[in-house]
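As structure tokens, the structure follows; a few thoughts come after it.
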Amino acid sequence: MTLRNDLINALGVAEWQLPDLSYNPELHMLKETLLSLGNGYIGSRGSFDETLPNGVNNCEGTYLNGAYSSEPINYGESAFGFARNNHKMLQVANGKILQLTVDDEKVTIIGATEHQRQLDLQTGVLHRKWQWQSQTGKKLQLQSRRFVSQANPHLIAIEFSVTALNFDGDIQLASLLDAGYPGFQKKDDPRVGVMSIADSLSLLEQQSDSEQAVMLHQAHGSTCKVAAAMNHQLPDNAKWLANETTEQCIKQQFMLSLKQNETLTLHKFVVYCDNNDQVSNSKLYEKIGKILKEACSKSFASLLSEHQDYWSNFWQQADVKIAGDDALQQGIRFNLFSLAQSAGRNGKSNIGAKGLSGPGYDGHYFWDTEIYVVPVLSLTQPETARQLLCHRYSQLDFARERAQQMSHKQGALYPWRTIGGEECSAYFPAGTAQYHINAAIAYAIRSYYLATADSQFIRDMGAEMLLETNRLWLELGFFNPRQNDRFEIHQVTGPDEYTAIVNNNFYTNAMVQLQLEFSLQIFAEYPELAKKFGLTEAELHTWQRAAKNMYLPYDNELAIQAQDDSFLTKKPWDFSNTPKDKYPLLLNFHPLVIYRHQVLKQADTVLANVLLDNRVNAKQKARDLAYYEPLTTHDSSLSSCIHSIAFAETGNIERAHAFFGDSARMDLDNHHGNTEVGVHIACMAGSWLSLVMGFAGLRVRTTGLYFSPQLPKDLPALEFRLCYVGRIIKVSLTASQASYQLISGEPLTLHHVDQAFQLSATATVQFAIGG
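So for the sequence shown, numbering that gives the first Met the number 0 puts the first residue at 0; every next one is plus one.
Listed below in structure tokens is the structure:
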């Protein structure tokens, strides 16, 4: 595949690493994103240990998943039911800074030589090594290791080493807990969030002494409070001098006594927590102090070992091996690494569209979680998938309230974008109108249940979410008496945000049909739940009738499934006269101009066909793909992975490979030009789906796992593992052979193309691929 030349020399290609081989200030923000670290609760961008010189654009950020501020949305003209408040993921105090000073000269990237960094995907550690020379000729060698602990969700740990190469003497070290760093903003781009600590947090209290420093902040507009604290393990030849405190920053100053060619190493521990459990200020202080004390009681090596154990287990279960292309191998591993770093694991948080890598979209949660991420995690990290669904359940009451606000008498309407549970989308045509978020959540429940058979989840949470979202669909849709009582859903927006407020979006209607049929199956399987929720036979019959009578628009002349009732009547977009610099369209044309045309931002009907599996036949899928793909700009990062799967399942494996390459390296090569404000989480998950659903042909059905593998010519071998109903299955593919091995768990029946076979731990089962 082809890599962008401007990035080849900045981030090298390696199977397990992201090497940053040289310093380029123009790429600094991008690398802050790509080298970010996280653990599902803390996200920390890959900034330097020291402060930056003036003039270097940066987007510093440390974030807490699930913790947010809230501010009123200001409309020029408002209306009933508009979203009232915007939530923002909290940007909290930066505790990474370790600033050296030599003879009153700050050690910065200016004056650096041999500067290299490397993010080790296998261990989740960011390494840095460089040399620096002062204006008077004094030389230092500096090294650091940083990780956001996977074993302790509250901890960032840093190892910092300094060596005097040509002198003996004292230098100063300032260790900062800084809540005064600015945010980043870019006007007229809805994808970019606007974050700053000053706009989101107010200082409540702070304390510091010769050992530790603590800051406690109140989030604006919400009950959330956050605490940040730092402490150090210092060598004997380090001496505390003083603390400087302002409302924005605590700076602990130390003197380091160096001897030529001797290395001095210190460790810094930074911890964060919030009052999600509504504790008092004093209790929060006590909590952060206990967390910090526990971290400092262990050595850096011990903390690192615990952290690395997580990654070892993760890769043992989730790794994907690709032969013949180191760039794609690096891409898929980076994507899986980012998913693991970003997904909330406590049932109190979710996964934002940008993960925990940047301020994009203000850290909001979207349908990305349910359509792209949960299906991947259900088959690789099922407990994490469960926790994401638990979070949606925890916000069910907010969804019920939103349904009432939208004049629905019953049911639940989940917000298009949110953190705390209320709708935060200020632009309703591409926000609230995307009712298909409800069907996405139902699809995720179905995906998780098919992969795990977790009946307890269904009993405790899943069935209730299905029930309430079903009731919403029966409120929104209606049996049209002028069309033989077919069930129609009007005035909604589908996945394609270049087409808004339509009647009978095919994707929405088809996914609602799938949801209703799955719900009927669940309540038949668990009849006691119908009694628990007061679900009557009459209501079940209405679900059945709506599913049976669901209107799925079709154009007989073109023999394609119509995107909605009006899409095919519009004028096609003039692609031949649209210059490259006018993409993405959303940044260069008024929405009404876009809405008047046949043009797609991303897969819509094509996405439905992928998710509906064998409910749509292959010939129909091919016709739909041939019509809609030429009209698709792929301005959304969610598009390429779905088209990869669509081309694979309709027999064009080489086009599938091209789209996979785009999704696998979407962020590493900055294909959309906005990775500097965060990665594209849905695309990252989608790259795994492209491999496993596309090239391996996996479909998870009620009757088991089905494979129909076919590899492109430039991908000679593929290997991955699946978690399926308590089992671990290893799948190995080459151009000519498919191998299936049961690593753990009970024997089961699998399906290769049209052949069922038994898989047990006693033998690997192999099949020939192709002719």
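Even for Gly, the Cβ is constructed at its ideal location relative to N, Cα and C.
Across the structure, His750 and Arg391 are spaced so that their CA atoms are roughly 33 Å apart. Asn230 sits close to Cys295, with the two beta carbons spaced by under 9 Å. Look at Glu243 here: in three-state DSSP terms it is strand.
Bounds of the beta strand (DSSP E) holding Ser69 are Thr61 to Pro71. Apart from the 5 residues on each side of it in sequence, Ile444 sits with its Cβ closer than 6 Å to the Cβ of Gly461 in its chain, given in chain order. For the 9 Å CB-CB criterion, Leu99 and Ile331 do not form a contact.
The beta-carbon distance between Ala352 and Ala681, rounded to whole angstroms, is 7 Å. This is short enough to meet the 8 Å contact definition. Ranked by how close their Cα comes to the Cα of Val678, the residues Asp666, Trp687, His670 and Ala684 have Asp666 in first place.
Taking a contact as a CB-CB distance under 8 Å, the pair Ile440 and Met464 counts as one, their CB atoms being some 6 Å apart. Here Ala767 is exposed. Its C-beta has fewer than 16 other C-beta atoms within 10 Å. Secondary structure of Leu335 (DSSP, three-state): helix. Per the coordinates, the alpha-carbon of Thr468 lies some 28 Å from the alpha-carbon of Gly359.
In this structure the region 99 to 108 lies against the region 163 to 176, because at least three pairs of beta carbons, one per stretch, are closer than 8 Å. Taking a C-beta distance under 9 Å as the contact criterion, Glu31 and Gly45 qualify as a contact pair.
According to the DSSP assignment, Gly685 belongs to the alpha helix (DSSP H) that extends over Ile680 to Leu688. When Cβ pairs closer than 8 Å are counted between the two stretches, the region 584 to 604 is seen to touch the region 555 to 570, the count reaching three or more. Cα atoms of His656 and Ile644: separation of roughly 9 Å, rounded to the nearest angstrom. Residue state for Asn85 is assigned as strand, using DSSP reduced to three classes. Residue His219 holds the alpha-carbon nearest to the alpha-carbon of Asp198 among Met214, Gln206 and His219. Following the DSSP letters along the chain, one finds Lys729 inside the beta strand (DSSP E) bounded by residues Arg726 to Thr733. The three-state secondary structure of Trp129, taken from DSSP, is strand.
Beyond the five residues adjoining it in sequence on each side, Val270 comes within less than 7 Å, by CB distance, of His153, Leu154, Ala228, Ile287, Ile290, Leu291 and Ala294 in the same chain, given in chain order. Counting C-beta pairs closer than 8 Å gives three or more between the region 199 to 207 and the region 83 to 91, which meets the contact rule. Under the rule that a run must span 3 or more residues, the beta strand (DSSP E) segments found entirely inside the region 23 to 47 read 41 to 43.
Within the same chain, and ignoring the five residues on either side of Glu104 in sequence, the residues whose Cβ sits closer than 7 Å to its Cβ are Ser133 and Gln134. In the structure shown, Ile290 adopts helical secondary structure according to DSSP, grouped into three states. Under a 10 Å Cβ-count criterion, Asp484 is classified as exposed, with fewer than 16 other Cβ atoms of the shown protein chains found around its own Cβ. Of Phe166, His589, Pro578 and Leu637, the smallest CA-CA separation from Asp603 is found for Leu637. In this chain, Phe313 is not harboured by any beta strand (DSSP E); it is covered by the alpha helix (DSSP H) spanning Phe299 to Ala317.
A Cβ-Cβ contact shorter than 9 Å links Asn151 with Leu302. Per the coordinates, the alpha-carbon of Glu745 lies some 8 Å from the alpha-carbon of Gly725. The C-alpha of Gln16 is placed about 21 Å away from the C-alpha of Val676.
For Thr162, the enclosing beta strand (DSSP E) stretches over residues Leu154 to Ala163. The Cβ atoms of Thr264 and Ala317 do not sit closer than 9 Å to each other. Sequence-distant partners of Leu118 (beyond 5 residues in either direction) whose C-beta falls short of 6 Å from its own C-beta, in its chain, are Leu17, Leu34 and Leu125.
Looking at the backbone, the Cα of Glu653 and that of Ala695 are separated by about 14 Å.
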